[in-house]
Every structure is written in C-alpha cells, then in structure tokens.
Amino acid sequence: MLKPDIEKILNKQVSLEGESSALYLSIGSWAESKGFHGVAEFFYSHSEEERAHMLKLIKFINERGGKAEIPAISKPKSGFKDVKEVFNLLLETERENTQRVSEIVHKSLKAGDYTTHNFMQWYVTEQMEEEALAQTVLEKLEMAGDSPGGGFYLFDRDLPGFKASFTPDSADSGN
Ligand code: OFO
Numbered sequence: 004m005l006k007p008d009i010e011k012i013l014n015k016q017v018s019l020e021g022e023s024s025a026l027y028l029s030i031g032s033w034a035e036s037k038g039f040h041g042v043a044e045f046f047y048s049h050s051e052e053e054r055a056h057m058l059k060l061i062k063f064i065n066e067r068g069g070k071a072e073i074p075a076i077s078k079p080k081s082g083f084k085d086v087k088e089v090f091n092l093l094l095e096t097e098r099e100n101t102q103r104v105s106e107i108v109h110k111s112l113k114a115g116d117y118t119t120h121n122f123m124q125w126y127v128t129e130q131m132e133e134e135a136l137a138q139t140v141l142e143k144l145e146m147a148g149d150s151p152g153g154g155f156y157l158f159d160r161d162l163p164g165f166k167a168s169f170t171p172d173s174a175d176s177g178n
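Take the sequence shown: its letters are residues 4 to 178, numbered as in the working numbering.
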C-alpha cells in the first residue's frame, strides 16, 4: 500500500510527464509547420514516450492500492524562435524531470518504500539517456548550423534515425 506522501509525489510526476508530452507535441507541431520534418518526427516520438512514462506511473500507483490522478494539462508553449531554442528547451525540461525523479527516489528510500524506490530506477536510467540525447543533438546542431540549408538539411533528415538508435554509449561513435 502506498503511503499518502509517496502517492502524492508520484501523482505529481504523472502530471509532469503529461506536461512534457504536451510540450513536445507542441514543438513537433511547430517544427512540422516550418517544414523541419525530421525535428517534427523526433518530437512527436518523444511526446509519445513521455505519455508512455505517464501511463507506467498511473498503472504503478493503482496497482499499489493508490489512486492515480489524471491531470489537467496546461497549454504548452507554442511559439519558438528556432530549432536551437527547442533543443535547449528539451535539455532544460529533461534536467528538471531528472531532478523530480531524484526527489522521488530520495523520498521513497527515506520512507522505507523499497518497491517505489526500485520502480523509479527505470526512470533514473531513462532520464540519464534523455539528457545525454538532448546534449548530443545540441552538439550535432551546433556543427550543422541551424539555418535551413547545407548541414541543417542533413541534420533534419538524419535526426529520427539517430534518435531511434541512440544509447549514451553511441554518442561518440559517429552514429
Ligand atoms: Fe519521462 O522521460 Fe524524460 O522526462
């Protein structure tokens, strides 16, 4: 049975995952409208992943005798300056989410809730990978330049495949 304070922070995380999903959907839509199809696909797929993370938490809360709260999702940011801004936003959002995940890990351990502590390890690994991915894509973008031509064309074309094959160990292997 979940303790009320653990149930509360898990539900807060449900909300955060939902907000991340909405933000990435918004970025994907913006990119698509600009003709950046690779960037759009990257963010649409990332949005789906965040939704899956939300669902995983919902199921865990309910299975442990808690009550998952389905959050109202506030309207995400929708106007962006350029592609660099959206990847900086991705990195910033993932860093914040890592911080929240660490807090749950810390609190569940302190509360002696080893089941939640164990469950959250999956999110710890996921956040590590997502931060590394965002950082690596920013570096690639820096090399390509963010004007719609030349290196950026290749960056945009190859981005979905890069995301699909990314693991932190592959970051330096030229994938
Ligand atoms: Fe849910 O993985 Fe990032 O935030």
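Think of the CB as a built atom: it goes at the ideal place given N, C-alpha and C, for glycine as much as any other residue.
Treat the numbers as computed from the prediction; the structure is a model and nothing was measured.
What would DSSP say about residue i, mapped onto helix, strand or coil?
i, result
"residue 78", "coil"
"residue 159", "helix"
"residue 5", "coil"
"residue 37", "helix"
"residue 147", "helix"
"residue 83", "coil"
"residue 164", "helix"
"residue 71", "coil"
"residue 21", "helix"
"residue 31", "helix"
"residue 154", "helix"
How about residue i: is its C-beta nearer than 8 Å to some C-beta of chain C?
i, result
"residue 56", "The chain labelled as chain C is not found in the depicted structure, where only one protein chain is given."
Grab the span of the alpha helix (DSSP H) containing residue i for me, first residue to last.
i, result
"residue 171", "From DSSP, residue 171 is part of no alpha helix (DSSP H); its letter is neither H nor E."
"residue 54", "40-66"
"residue 106", "86-113"
In angstroms with no decimal places, state the Cα-to-Cα distance between residue i and residue j.
i, j, result
"residue 126", "residue 61", "14 Å"
"residue 74", "residue 158", "35 Å"
"residue 42", "residue 4", "42 Å"
"residue 9", "residue 119", "8 Å"
"residue 29", "residue 79", "7 Å"
"residue 168", "residue 101", "22 Å"
"residue 38", "residue 123", "37 Å"
"residue 94", "residue 170", "16 Å"
Cβ pair count under 8 Å reaching 3, the segment 22-31 against the segment 112-128: no
Three or more C-beta pairs below 8 Å linking the segment 49-64 and the segment 83-90: no
Contact the segment 135-154 vs the segment 9-22: 3+ CB pairs below 8 Å: no
Segment contact flag, the segment 129-140 with the segment 86-105, C-beta cutoff 8 Å, min 3 pairs: yes
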